[in-house]
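These notes concern the structure reproduced below.
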Amino acid sequence: MTRAPNLNIVPFVSVDHMMKLVLTIGTERFLTELAEYIEDDFKRWESFDKTARVASHSLDGVIELMPTSDGALYGFKYVNGHPKNIRDGRQTVTAFGVLADVGTGYPVLMTEMTILTALRTAAMSAVAAKYLAPKGSDTMAIIGNGAQSEFQAMAFKAILGITKLRLYDIDPVATEKCARNLAGAGFEITQCKTSQDAVEGAHIITTVTADKQCATILTDNMVGAGVHINAVGGDCPGKTELHKDILTRSDIFVEYPPQTRIEGEIQQLPADYPVIELWEVMVGKTQGRRDPSQITLFDSVGFAIEDFSALRYVRDKLTATGLYVNLDLLADPDEPRDLYGMLLRHQSVMAYG
Ligand code: NAD
Numbered sequence: 004m005t006r007a008p009n010l011n012i013v014p015f016v017s018v019d020h021m022m023k024l025v026l027t028i029g030t031e032r033f034l035t036e037l038a039e040y041i042e043d044d045f046k047r048w049e050s051f052d053k054t055a056r057v058a059s060h061s062l063d064g065v066i067e068l069m070p071t072s073d074g075a076l077y078g079f080k081y082v083n084g085h086p087k088n089i090r091d092g093r094q095t096v097t098a099f100g101v102l103a104d105v106g107t108g109y110p111v112l113m114t115e116m117t118i119l120t121a122l123r124t125a126a127m128s129a130v131a132a133k134y135l136a137p138k139g140s141d142t143m144a145i146i147g148n149g150a151q152s153e154f155q156a157m158a159f160k161a162i163l164g165i166t167k168l169r170l171y172d173i174d175p176v177a178t179e180k181c182a183r184n185l186a187g188a189g190f191e192i193t194q195c196k197t198s199q200d201a202v203e204g205a206h207i208i209t210t211v212t213a214d215k216q217c218a219t220i221l222t223d224n225m226v227g228a229g230v231h232i233n234a235v236g237g238d239c240p241g242k243t244e245l246h247k248d249i250l251t252r253s254d255i256f257v258e259y260p261p262q263t264r265i266e267g268e269i270q271q272l273p274a275d276y277p278v279i280e281l282w283e284v285m286v287g288k289t290q291g292r293r294d295p296s297q298i299t300l301f302d303s304v305g306f307a308i309e310d311f312s313a314l315r316y317v318r319d320k321l322t323a324t325g326l327y328v329n330l331d332l333l334a335d336p337d338e339p340r341d342l343y344g345m346l347l348r349h350q351s352v353m354a355y356g
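Residues 4 to 356 (my numbering) make up the sequence shown, in order.
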């Protein structure tokens, strides 16, 4: 019997390797190339198997599985969201993921995705803003200066040319951390005392807070004509960031409506409220920004195809960088039906060394 060599060995990208991969490629180049992968996949939207993510909710958070396939590759991500984790020194969001070959069903990549999720979320936000933000945008407010915030800033710099940041967090320590991490990255940074101050003069408003409740990070009076809102933190039933009145004044763009209607800002609106699918804007089927006074809103929740794109991107970088280890993940008896025999032979290896 012949078979492809090393099919049973699965490349694994650890957190350490992911950090080295990002730093070797360069954060801005990584985000730009990842954005291209996301855009390419959104432009072939109809070739994907799509389903709203499978969520298991608890009092303190949520654990989710996010699968999709384009018929040749299958990918899924395991991700959690636990806003209270931060109080015990843990991340709000952690993740790992797998890419598999549809032909054999064998995994071809397993990787950390906590860092990769921050990168792909930021890249996705910047791709959406490319189609929706007002022309010549150079100033962005970031409300919520936690784990995702610097990635958002870097993606908007690399892809949109944002150079001025107005930061606000209810915890000034988070704002200081964000400003410190971004010092020397080419931004003019203003640390703000209130969210009202943060949105002053901003062409783009990014909300990326974490709270397991329907919060009101932005009220209607804070959003002027022509602004693009990148709403990232409302991504779960009962967890939103924007006042409902903002939604009804905006044109709302979403990833996958069946998932966003459950998880996004639009959970506050009737189930048939009109929204625009971003992939249709990307392929030119629907218009993005029509005029300078329009308020556009990307109601981001994070969709499986973005993770699929990220997994594809990382896999494509592995051979050149060698930043992975081989994982002994799949049992591989010489004769495929002799799985039990392999176990027995291993017993003698253990007994006699
Ligand atoms: P984090 O806990 O590291 O940071 C959240 C920050 O928000 C904290 O610094 C907190 O002090 C601040 N905050 C909370 N309430 C606030 C308020 N009312 N005003 C201003 N700041 C406030 O979390 P993170 O990893 O940065 O994630 C942020 C949010 O983004 C989470 O809700 C997470 O679920 C969401 N998220 C969405 C996507 C997506 O694809 N849409 C992907 C990843 C994370």
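Note that beta-carbon positions come from the ideal geometry of N, C-alpha and C, so glycine has one too.
Cβ-based neighbour list, residue i, same chain, cut-off 7 Å, excluding 5 preceding and 5 following
i, result
"residue 327", "14, 15, 16, 20 and 321"
"residue 274", "264"
"residue 177", "148 and 149"
"residue 152", "145, 181 and 211"
"residue 295", "137 and 229"
"residue 351", "none"
"residue 262", "55, 56, 304 and 306"
"residue 246", "219, 221, 222 and 223"
"residue 88", "94 and 95"
"residue 121", "150, 151 and 154"
"residue 71", "51, 52, 53, 78, 307, 308 and 311"
"residue 186", "none"
"residue 195", "169, 170, 171 and 201"
"residue 30", "157"
"residue 354", "none"
"residue 342", "334 and 336"
Proximity winner among the options, relative to residue i (alpha-carbon distances)
i, options, result
"residue 308", "126, 194, 287 and 25", "126"
"residue 218", "333, 46, 86 and 189", "86"
"residue 161", "128, 171 and 193", "128"
"residue 105", "323, 76 and 335", "76"
"residue 192", "199, 170 and 102", "170"
"residue 301", "231, 123 and 266", "231"
"residue 199", "227, 262 and 164", "227"
"residue 40", "332, 354 and 319", "319"
"residue 64", "289, 215 and 28", "215"
"residue 141", "108, 190 and 110", "190"
"residue 82", "124, 27, 353 and 167", "124"
"residue 167", "203, 267, 317 and 243", "203"
"residue 242", "344, 348 and 270", "270"
6 Å CB neighbourhood of residue i in its chain, flanking five on each side removed
i, result
"residue 25", "33"
"residue 282", "45 and 48"
"residue 80", "69, 98, 100, 116 and 310"
"residue 291", "134, 135 and 284"
"residue 73", "50 and 51"
"residue 118", "21"
"residue 59", "66"
"residue 23", "326"
Any non-hydrogen atom of ligand 1 within 8 Å of residue i CB
i, result
"residue 354", "no"
"residue 152", "yes"
"residue 262", "no"
"residue 46", "no"
"residue 199", "no"
"residue 194", "no"
"residue 217", "no"
"residue 303", "yes"
"residue 80", "no"
"residue 308", "no"
"residue 209", "no"
"residue 86", "yes"
"residue 96", "yes"
"residue 63", "no"
"residue 236", "yes"
"residue 35", "no"
"residue 171", "yes"
"residue 30", "no"
"residue 66", "no"
"residue 148", "yes"
"residue 294", "no"
"residue 89", "yes"
Contact belief for residue i with residue j at Cβ below 8 Å, rounded distance in angstroms
i, j, result
"residue 207", "residue 223", "18 Å between Cβ atoms; not a contact."
"residue 238", "residue 130", "Wrong, their Cβ atoms sit about 17 Å apart, outside the cutoff."
"residue 157", "residue 188", "7 Å"
"residue 299", "residue 253", "6 Å"
"residue 260", "residue 278", "6 Å"
Own chain, CB closer than 8 Å to residue i, minus 5 neighbours either side, in chain order
i, result
"residue 93", "85"
"residue 330", "12, 13, 14, 15 and 113"
"residue 43", "312"
"residue 132", "140, 159, 162, 163, 207, 231, 233 and 301"
Open item on the list: Going residue by residue through the region 70-99, where are the continuous beta strand (DSSP E) segments of at least 3 residues, counting only ones entirely within it?
Closed with: 76-84
Task: beta strand (DSSP E) runs contained entirely in the region 192-243, provided each spans 3 or more residues - done: 207-210, 217-221 and 231-234
Task: Runs of beta strand (DSSP E) lying entirely within the region 124-161, each at least 3 residues, in chain order - done: 142-146
Task: Length at least 3, wholly inside the region 252-296: the beta strand (DSSP E) runs in chain order - done: 254-257
Task: Continuous alpha helix (DSSP H) assignments of at least 4 residues falling wholly in the region 6-52 - done: 18-28 and 30-45
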